[in-house]
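Take a look at the structure below.
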Amino acid sequence: MTILIRNVTLVDALGERGPADVLLGEGRILSLEGGDAERVIEGKGRLLAPGFLDLHAHLREPGQEVKENLATGLLAAVRGGYTDLVSMPNTTPPVDTPEAVRALRKKAQALGLARLHPAAALTQGQEGRLLTEAGLLREAGAALLTDDGRTNEDAGVLAAGLLGAAAFGLPVAVHAEDASLRRGGVMNDGPLADLLGLPGNPPEAEAARIARDLEVLRYALRRGQKKPRLHIQHLSTKRGLELLREAKGAGLPVTAEATPHHLTLTEEALKGFDPIFKVAPPLRTREDVEALLEGLLEGTLDAIATDHAPHTQAEKEMDLLRAPFGIPSLEVAFPLLYTELHRKRGFPLKRLVELFTDGPRRVLGLRPIHLEEGAEASLVLLDPKERPVDPKAFASKARFSPWAGWVLAGWPVLTLVEGRVVYQALE
Amino acid sequence: MRHLLDFAGWTKSEVESLLETAKVMAEVLERPVKKVPALQGFTVATVFFEPSTRTRISFELAARRMSADVVSFAAATSSLQKGESYKDTLLTLEAMGIDAYVIRADAAGVPHQATRWVKGAVINGGDGRRAHPTQALLDAYTLLEALGSLEGKKIAIVGDILHSRVARSNLELLPLLGAEVWAAGPPTLLPQALPGARLTPHLEEALEGADAVMVLRLQRERMEAGLVNLEDYIAHYQVTEERLQKAKPGAPLLHPGPMNRDVELEGTLADSERSLVNRQVHNGVAVRMAVLYHLLVGRER
Ligand SMILES: [Zn+2]
Numbered sequence: 000m001t002i003l004i005r006n007v008t009l010v011d012a013l014g015e016r017g018p019a020d021v022l023l024g025e026g027r028i029l030s031l032e033g034g035d036a037e038r039v040i041e042g043k044g045r046l047l048a049p050g051f052l053d054l055h056a057h058l059r060e061p062g063q064e065v066k067e068n069l070a071t072g073l074l075a076a077v078r079g080g081y082t083d084l085v086s087m088p089n090t091t092p093p094v095d096t097p098e099a100v101r102a103l104r105k106k107a108q109a110l111g112l113a114r115l116h117p118a119a120a121l122t123q124g125q126e127g128r129l130l131t132e133a134g135l136l137r138e139a140g141a142a143l144l145t146d147d148g149r150t151n152e153d154a155g156v157l158a159a160g161l162l163g164a165a166a167f168g169l170p171v172a173v174h175a176e177d178a179s180l181r182r183g184g185v186m187n188d189g190p191l192a193d194l195l196g197l198p199g200n201p202p203e204a205e206a207a208r209i210a211r212d213l214e215v216l217r218y219a220l221r222r223g224q225k226k227p228r229l230h231i232q233h234l235s236t237k238r239g240l241e242l243l244r245e246a247k248g249a250g251l252p253v254t255a256e257a258t259p260h261h262l263t264l265t266e267e268a269l270k271g272f273d274p275i276f277k278v279a280p281p282l283r284t285r286e287d288v289e290a291l292l293e294g295l296l297e298g299t300l301d302a303i304a305t306d307h308a309p310h311t312q313a314e315k316e317m318d319l320l321r322a323p324f325g326i327p328s329l330e331v332a333f334p335l336l337y338t339e340l341h342r343k344r345g346f347p348l349k350r351l352v353e354l355f356t357d358g359p360r361r362v363l364g365l366r367p368i369h370l371e372e373g374a375e376a377s378l379v380l381l382d383p384k385e386r387p388v389d390p391k392a393f394a395s396k397a398r399f400s401p402w403a404g405w406v407l408a409g410w411p412v413l414t415l416v417e418g419r420v421v422y423q424a425l426e
Numbered sequence: 000m001r002h003l004l005d006f007a008g009w010t011k012s013e014v015e016s017l018l019e020t021a022k023v024m025a026e027v028l029e030r031p032v033k034k035v036p037a038l039q040g041f042t043v044a045t046v047f048f049e050p051s052t053r054t055r056i057s058f059e060l061a062a063r064r065m066s067a068d069v070v071s072f073a074a075a076t077s078s079l080q081k082g083e084s085y086k087d088t089l090l091t092l093e094a095m096g097i098d099a100y101v102i103r104a105d106a107a108g109v110p111h112q113a114t115r116w117v118k119g120a121v122i123n124g125g126d127g128r129r130a131h132p133t134q135a136l137l138d139a140y141t142l143l144e145a146l147g148s149l150e151g152k153k154i155a156i157v158g159d160i161l162h163s164r165v166a167r168s169n170l171e172l173l174p175l176l177g178a179e180v181w182a183a184g185p186p187t188l189l190p191q192a193l194p195g196a197r198l199t200p201h202l203e204e205a206l207e208g209a210d211a212v213m214v215l216r217l218q219r220e221r222m223e224a225g226l227v228n229l230e231d232y233i234a235h236y237q238v239t240e241e242r243l244q245k246a247k248p249g250a251p252l253l254h255p256g257p258m259n260r261d262v263e264l265e266g267t268l269a270d271s272e273r274s275l276v277n278r279q280v281h282n283g284v285a286v287r288m289a290v291l292y293h294l295l296v297g298r299e300r
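Each protein sequence line maps, in turn, to chains A and B.
Numbering-wise, the first sequence is residues 0 to 426 according to numbering that gives the first Met the number 0.
Numbering-wise, the second sequence is residues 0 to 300 according to numbering that gives the first Met the number 0.
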């Protein structure tokens, strides 16, 4: 089917331009100057961007389908404008074999929603001891290796993992927190945690681990024939960012992501003792948030990744010590940051879109998608109309949100994967 | 007040009026028939997600002395981990028509969470490290009995401040009544900052000229977590006869119990004239009667 999107403003990492009449067919952008089409969509006032890629989502399948499954998770993804998504391997059992990776991909393909790029575990059972088979995992379609959900306590294992993954061109992603420093912390460590009587997780637990991992990366770089690539997940602290900036300045092959919640919320949110705000790493201070924004702007941070972490309502209604860590955010990530960062704070739209598209694609070693003739028609149409966040309407099984009731603009109204409509909410 | 969660937002006169009521209740407890009809027809539930027999009995006695009906619910945390949520438990009780909930939990904030789910009054019976407001009220009441007034008085709190809900509540309440509060303990057991508190790792500094000393229990798990060495603790933080010389002569000693004799406090001191420990327990009932009275009488049902 051919589709024409008329009078639409184009936005990608190259910038904003248009309006253009975008003609789509055969899975590609056929023209930016219109033409005959079987379906015509009015794009006036709307933005057309390349489809988003999420580097970090927990879809809970296999094993924890009560929280989420591929069908609900990938539907949530396309509703959020994502055409591509990396699923985390900390399922039950963990995704640590080529068979498990293939099974996930096959099932996701049959669903015909967002394209799934499963991450596989770096170590067997995510136990941090024995490495998984990087080469076979790559052939099965694994996008990266990570023990996310766990922290890599053994530096020697991480070094070996980086060397092994590098041989097959895979990045290794790390949940950078020193487990012995964070202990049982459930919120940011500081005067507020003391006041609230909650065990704190210090920012130094993140910085200490990033510092160690950068040294491990240096080692792998010196010892390996192929260039290792280290990706730091959900960076949350000012100090962590400074270490990263320095490392990038020195030319180390390291990338990093930040999450929507670490960019829009602070530890103050815990004042009401609501476990909805319990997340690992924890929400930090205003100063950390400002540092992250700077990091996004200047390019120290490469991507915005959701860390979409669905749980059941009952689990999030436990107390702060027992409730699980995590916030579901696939369906609100872009409108949230479009509204809070671009509209309210003037964060450049082109850079914001880049952090959802080219930035994460580069982390995985994928080619960028720019809005030009011949480009792959994996796209999202964004609407400027404001509406409040309503978790009850989520496709995700996790129907709670720290942003419930926030009025946001920039909601995806049409998502296409290779020219095929996978989601539409056009009026 | 609608709930008693902590002392955030409380004024001095509100505390004073509550402690005045406690005085009246204490008189009731001196009578041959220790019972008044004030809360007839009200139902109070003690909901203990963490066991504490002493506190539960004190609350239940307080409710019964005022003729309230009492139900008690003790949830094993194991059943909570199996997926039954606090919310489910509380909503079940709510359906049975409870007017006030005394909630005890090992996690900070559970009573705050409860106010979002139930219509009845919520009384914090101790939540994690966060707060234990009725303990602080009975401590204040006991201190007022002993010292007359707290205006300008120096109170020293000694021990594991960081993990103590009793310390936190006292640090909120006592300054409200005009006291200067010092908190002393090993650096690993001190918070970074708490409003209203002067924190010091030197016991002597806190004891110097103190009008009263409150000693906290040292939990074994702090040693197991590597936060403190027992011998070192005893050598530097145990409240002893000798160290008490620094305080005002005869300065009374308080302890929320249960006590580790010869750990946080020299055993002989625990039994001395100075110890107000039994007085604290005794006053607990009157203070809790006053709290229930303030929360329930005049409340719409
Ligand atoms: Zn993680």
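For every residue, glycine included, the Cβ atom is placed at its ideal position computed from N, Cα and C.
Quick caveat: nothing in here was measured; it's all calculated off a predicted structure.
Leaving out five residues on either side along the sequence, give the residues of the same chain with a beta carbon under 6 Å from the beta carbon of residue i.
{"i": "A/Arg208", "result": "Ala175, Glu176, Asp177"}
{"i": "A/Gly239", "result": "Glu205, Ala206, Ile209"}
{"i": "B/Arg273", "result": "Pro251, Leu252"}
{"i": "B/Ala155", "result": "Trp181, Ala205, Leu206, Ala209, Val212"}
{"i": "A/Pro323", "result": "His310, Glu314"}
{"i": "B/His111", "result": "Leu4"}
Could you tell me if the beta carbon of residue i falls within a distance shorter than 7 Å of some heavy atom in ligand 1?
{"i": "A/His310", "result": "no"}
{"i": "A/Ala279", "result": "yes"}
{"i": "A/His233", "result": "yes"}
{"i": "B/His235", "result": "no"}
{"i": "A/Asp146", "result": "no"}
{"i": "A/His174", "result": "yes"}
Quick one: what does DSSP say residue i is sitting in, helix, strand or coil?
{"i": "A/Asp11", "result": "strand"}
{"i": "A/Leu190", "result": "Reading the sequence as shown, one finds Pro at residue 190 of chain A and not Leu. Helix at A/Pro190."}
{"i": "A/Gly155", "result": "helix"}
{"i": "B/Ile56", "result": "helix"}
{"i": "A/Arg182", "result": "coil"}
{"i": "A/Asn200", "result": "strand"}
{"i": "A/Met0", "result": "coil"}
{"i": "A/Thr150", "result": "coil"}
{"i": "A/Ala424", "result": "coil"}
{"i": "A/Ala313", "result": "helix"}
{"i": "B/Asp126", "result": "strand"}
{"i": "A/Gly160", "result": "helix"}
{"i": "B/His281", "result": "helix"}
{"i": "B/Leu18", "result": "helix"}
{"i": "A/Val406", "result": "strand"}
{"i": "B/Asp105", "result": "coil"}
Measuring only from the beta carbon, is residue i closer than 7 Å to any heavy atom that is part of ligand 3?
{"i": "A/Asp306", "result": "Here the bound small molecules are ligand 1; ligand 3 is not part of this structure."}
Looking only at its chain, what residues have a beta carbon closer than 7 Å to the beta carbon of residue i, apart from the 5 residues adjacent to it on each side?
{"i": "B/Leu176", "result": "Lys11, Val14, Ala139, Leu149"}
{"i": "A/Leu162", "result": "Ala219, Arg222, Gly223, Pro227"}
{"i": "A/Leu465", "result": "Residue 465 of chain A is absent from the structure shown; chain A starts at 0 and stops at 426."}
{"i": "A/Val100", "result": "Val94, Pro117, Ala119, Leu136, Ala139, Gly140, Ala141"}
{"i": "A/Arg211", "result": "Ala154"}
Which same chain residues end up closer than 8 Å to residue i when comparing Cβ atoms and leaving out the 5 residues on each side of it in sequence?
{"i": "A/Gln423", "result": "Val412, Leu413, Thr414"}
{"i": "B/Arg128", "result": "Ala107, Leu161, His162, Ser163, Arg164, Arg167"}
{"i": "A/Glu37", "result": "Met0, Thr1, Ile2"}
{"i": "B/Leu188", "result": "Gly158, Asp159, Ile160, Leu161, His162, Arg221, Leu226, Val227"}
{"i": "B/Glu203", "result": "Arg242, Lys245"}
Completely contained beta strand (DSSP E) runs for the region 341-400 of chain A, where each covers 3 or more residues | 378-382
Unbroken beta strand (DSSP E) runs of length 3 or more, entirely within the region 20-75 of chain A: which are they?
-> 27-30, 38-41, 46-49, 51-56
Within the region 66-133 of chain A, note down every full alpha helix (DSSP H) run reaching 4 residues or more, in order along the chain.
-> 69-78, 97-110
Which full runs of the beta strand (DSSP E) of 3+ residues lie inside the region 144-187 of chain B, going along the chain?
-> 153-157, 179-183
Quick one: complete beta strand (DSSP E) runs, 3+ long, within the region 210-286 of chain A?
-> 229-231, 253-257
Pairing CB atoms from the region 70-83 of chain A with CB atoms from the region 387-399 of chain A, are three or more of them under 8 Å?
-> yes
Determine contact between the region 8-24 of chain B and the region 276-291 of chain B, defined as no fewer than three beta-carbon pairs at a distance below 8 Å.
-> yes
The region 337-349 of chain A contacting the region 231-249 of chain A, beta-carbon criterion three pairs below 8 Å | no
Counting Cβ pairs closer than 8 Å, one from the region 299-309 of chain A and one from the region 90-110 of chain B, do we hit at least three?
-> no
If you pair each beta-carbon of the region 117-137 of chain B with each one of the region 51-61 of chain B, do three or more pairs fall below 8 Å?
-> yes
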